[in-house]
Amino acid sequence: MRGTEAVAYQLHNDIAVLTLNRPESRNAIDDAMREALLERLDALEADENVRAVVVTGAGKCFCAGGDIAAMRARLDAPAGQIAFNGFRRQIRTHKAIARIHGFHKPVIAAVNGPAVGLGADLALACDFVLASDSAFFAISYMLRGLIPDGGSLYLLPRRVGLARAKDLIYSGRRVATEEALRIGLADRSAAPEALMETALGWAHELSRGSLTAMALGKTILNESYETGLEEIFELGGRSQAICYSSAEHRSAVEAFLAKD
18 MRGTEAVAYQ
28 LHNDIAVLTL
38 NRPESRNAID
48 DAMREALLER
58 LDALEADENV
68 RAVVVTGAGK
78 CFCAGGDIAA
88 MRARLDAPAG
98 QIAFNGFRRQ
108 IRTHKAIARI
118 HGFHKPVIAA
128 VNGPAVGLGA
138 DLALACDFVL
148 ASDSAFFAIS
158 YMLRGLIPDG
168 GSLYLLPRRV
178 GLARAKDLIY
188 SGRRVATEEA
198 LRIGLADRSA
208 APEALMETAL
218 GWAHELSRGS
228 LTAMALGKTI
238 LNESYETGLE
248 EIFELGGRSQ
258 AICYSSAEHR
268 SAVEAFLAKD
């Protein structure tokens, strides 16, 4: 296993596994983990030998959310510094979540245990959520006197609908894997002992096509809820022109024609 202390890294053929690696803190996200995650994602997106990414947690927890020590430090700061210190940390957190959401290759969250607060946001930012039968999700911010600040205000309604998103955010209640599958919060489930094997197999299945087409298509799909049909056609047309000139398209066509 390679990588920084906060985010461990393994390569399984052409699938990268990023492991949130603070099990003693239930993989709570602190400044070091957030920066390590950004660093790893930048490197993996540039690596043409990596075709997909799986994100999981070390130990029995996926991610318990924001680090409690950082919350305590925020409250102990001088009153005149609390807001701006929080603002700077928010910017970096938003960048990390947006980096996952906009990553040009398939990203699967292999949720091996509780995904709470910012941990749930991180899972939602991935393309797909694979949940262990023993996992649960909780958008628990309001129970701490906060609003969701890690993307679930945007991402959650797109998965479960607006009314159900309000229910989960207002209540902060736990959602077990069975319910998460039923409402669309998770896409697939697996037994704990089969979680990583299932995630790697799914990642391989998703990443067999052109990386060029994947990057362009995913970018457009991520904008599809806010974009009209004509603009989608325009974006698609420009992207298709790039695909027409790609080596991947040429090779695929030549291979298909060679079968005749």
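Everything in the sequence shown is counted per the working numbering, starting at 18 for the first residue and increasing by one.
Think of the CB as a built atom: it goes at the ideal place given N, C-alpha and C, for glycine as much as any other residue.
Annotated three-state conformation of Ala203 is coil, per DSSP. The criterion of a C-beta distance shorter than 9 Å is satisfied by Pro40 and Ala75. Between Glu62 and His121, the C-beta spacing is below 9 Å. If you draw a straight line from the Cα of Ala232 to the Cα of Tyr261, it comes to about 14 Å. In this model, Pro123 and Pro95 are separated by some 43 Å (Cα to Cα). The criterion of a C-beta distance shorter than 9 Å is not satisfied by Ala155 and Val128. In this structure, the alpha-carbon of Leu179 lies about 17 Å from that of Leu198.
With a contact defined as Cβ atoms closer than 8 Å, Pro165 and Asp138 qualify at about 7 Å. In this structure, the beta-carbon distance from Leu135 to Ile46 falls below 9 Å.
Gly83: not part of any alpha helix (DSSP H); DSSP gives it neither H nor E. When beta bridges are read from the DSSP output, Gly74 appears opposite Leu37.
If you ignore the 5 residues before and after Ser151, its C-beta comes within less than 6 Å of the C-beta of Pro209, all in its own chain and listed in chain order. In this structure, the straight-line span from the alpha carbon of Gly201 to that of Val177 is close to 6 Å. Beta-bridge analysis with DSSP links Gln27 to Val34. Distance from the Cα of Leu172 is smallest, within the candidate group Ile114, Leu212, Leu163, for Ile114. With a beta-carbon spacing of about 5 Å, Phe153 and Arg191 fall inside the 8 Å limit used to define contacts. Taking the Cα positions, Cys80 is about 48 Å away from Leu274.
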